[in-house]
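Under numbering that gives the first Met the number 0, think of the first position of the sequence shown as 0, with each following residue one higher.
Written below as structure tokens is the structure these notes are about.
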Amino acid sequence: MHEIKQMGSAEEVTRRGFVLSAASTMTMAALGTFPGRASAAPIALAPLPYPDNALQPVISSNTLGFHYGKHHKGYVDNLNKLIAGTHYADMPLAKIVAATAGKPDRLAIFNNAAQTWNHTFYWSSLKAKGGGEPPAALKRRIEESFGSLGACKTELTNAALTQFGSGWAWLVQDGGKLKVVKTGNADTPLASGMKPLLTIDVWEHAYYLDYQNRRADYVNAVLDKLVNWQFAADNLG
Ligand SMILES: [Fe+2]
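In structure tokens, the structure reads:
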């Protein structure tokens with residue numbers, strides 16, 4: 000498990016061409032082209048890939064409604080206010096993340112852009128009746144990198160539980176190897192030159208209504224019952 004501290008350059012991020020899915024079906028696009036929008040059009044709140052009661056009982060419709068309708072939407076609305084009239088208004092979302100990473104004077108834009116991107120990625124990292132076994136090609140890559148699927152899930156759990164305060168646990172592809180990393184607050188592997196495969200949101204707003212302070216119960220339930228291995232497989236390079 001690795002804690003991300005270094006920000007990658009925008010050039011590095013662009014060169015490596017990240018992929019992202021906005022829905023549970025495979026939707027891939029290179030960094031800089033996703034999500035597509037007309038020049039200077041507002042950044043859109045991506046639709047949820049399922050109804051807000053689809054993840055019950057692991058994640059209630061109450062949690063999902065607040066998380067998507069208040070928190071995720073709030074990041075999108077804040078971002079659009081912050082970039083209005085700036086050169087960022089013409090950029091695709093992932094490019095805004097890359098262009099503001101590591102720049103203290105652009106921290107508010109980075110935080111809201113990264114949280115917008117991270118949440119869209121999180122929704123697709125989950126699905127009803129998820130968990131179980133990954134597709135064969137991904138399982139083979141997991142076994143090469145971690146030894147076993149169980150070891151990978153243990154690393155993801157440890158990352159989620161040891162992230163102090165708000166943040167994210169991620170399965171990423173870094174070169175030819177798969178890794179588990181954790182990021183604090185809005186930070187994202189996109190800013191560090193890695194390709195995200197799936198993520199678990201460990202901000203309290205992701206689980207507190209359903210699990211109160213029992214983050215471990217939320218993380219274990221997500222990994223056993225909701226994690227969308229097919230989405231991670233689709234993101235593999
Ligand atoms: Fe969140």
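All residues carry an ideal CB built from backbone N, CA and C; glycine is no exception.
From Gly129, Trp202, Asp76, Pro195, residue whose alpha carbon lies closest to that of Tyr49: Comparing Cα positions, the closest option is Gly129.
Element boundaries [alpha helix (DSSP H), containing Asp104]: Per DSSP, Asp104 is not a residue of any alpha helix (DSSP H), being assigned neither H nor E.
Run through the region 190 to 233 for me and flag every whole beta strand (DSSP E) of 3 or more residues, listed as ranges in chain order. Runs of beta strand (DSSP E) with 3 or more residues, each lying fully within the region 190 to 233, are found at 194 to 200, listed in chain order.
Quick check: the region 217 to 233 against the region 186 to 193, are at least 3 beta-carbon pairs closer than 8 Å? Contact fails: fewer than three Cβ-Cβ distances are below 8 Å.
Report the option in Asn117, Tyr87, Ser165 whose CA atom is closest to the CA atom of Arg105. Taking only the C-alpha atoms, the option nearest Arg105 is Tyr87.
Between the region 196 to 207 and the region 91 to 110, are three or more C-beta pairs nearer than 8 Å? A contact is defined here as three or more CB-CB pairs under 8 Å, and the region 196 to 207 fails this definition with respect to the region 91 to 110.
Three-state secondary structure (DSSP) of Val171: Shown here, Val171 sits in a strand according to DSSP, grouped into three states.
Look up Lys128 in the DSSP assignment and give the residues it is bridged to. For Lys128, no pairing in a beta bridge is given by DSSP.
Within the same chain, show all residues whose beta-carbon is closer than 7 Å to that of Lys176, passing over the 5 residues directly before and after it, in chain order. Around Lys176: Ser144.
Secondary structure of Val57, DSSP reduced to three states: Secondary structure at Val57: coil, using DSSP grouped into helix, strand and coil.
Around ligand 1, which residues pass a check of Cβ closer than 7 Å to any of its heavy atoms? Sorted by position in the chain, His66, His70, His71, His118, Tyr121, Asp200, Trp202, His204, Ala205 make up the residues whose C-beta lies under 7 Å from a heavy atom of ligand 1.
Check: Gly149 C-beta below 7 Å from any heavy atom of ligand 2: In terms of ligand content, the structure shown lacks ligand 2 and carries ligand 1 instead.
Tell me which residue opens and which closes the alpha helix (DSSP H) that Leu160 is part of. Bounds of the alpha helix (DSSP H) holding Leu160 are 148 to 161.
Given a threshold of 16 other Cβ atoms within 10 Å of its Cβ, counted over all protein chains shown, does Lys181 qualify as buried or as exposed? Looking at its Cβ environment, which holds 16 or more other Cβ atoms inside 10 Å, Lys181 is buried.
What residue does the alpha helix (DSSP H) around Leu81 start on, and which one ends it? Element bounds for Leu81: 72 to 82.
Who are the Cβ neighbours of Lys4 in its own chain at under 6 Å, not counting the five residues just before and after it? Note that Lys4 has pLDDT 37, beneath the 50 cutoff, so the model's placement of it is unreliable and no number is given.
Put Leu235 into one of helix, strand or coil per three-state DSSP. In the structure shown, Leu235 sits in coil (DSSP, three-state: anything other than H, G, I, E or B).
Between the beta-carbon of Val171 and the beta-carbon of Leu155, is there less than 8 Å? Their beta carbons are not under 8 Å apart, which means Val171 does not touch Leu155 by this criterion.
Can you check DSSP and say which residues form a bridge with Gly183? According to DSSP, which records beta bridges pairwise, Gly183 is partnered with Gly166.
Whole-angstrom distance between Asp173 and Gln211, CA atom to CA atom: Those two C-alpha atoms are separated by around 34 Å.
Could you give the first and the last residue of the continuous alpha helix (DSSP H) run that contains Ile141? Start and end: 135 to 145.
My assumption, with CB atoms under 8 Å, is that Ala112 sits in contact with Leu78. Please give the rounded CB distance. Going by Cβ atoms, the distance from Ala112 to Leu78 rounds to 5 Å, so yes, they are a contact pair.
Tell me whether the region 113 to 121 and the region 66 to 86 touch, counting them as touching only if at least three CB pairs, one residue from each stretch, are closer than 8 Å. Taking 8 Å as the limit for Cβ pairs, the verdict is that the region 66 to 86 does touch the region 113 to 121.
Here's a check: name, in chain order, each residue in its chain whose Cβ is nearer than 6 Å to the Cβ of Tyr74, leaving out the five neighbours to either side. The answer, listed in chain order, is Asn111, Gln114, Thr115.
Residues bridged to Leu177 by DSSP? DSSP, once it has assigned bridges, lists Gln172 as partnering Leu177.
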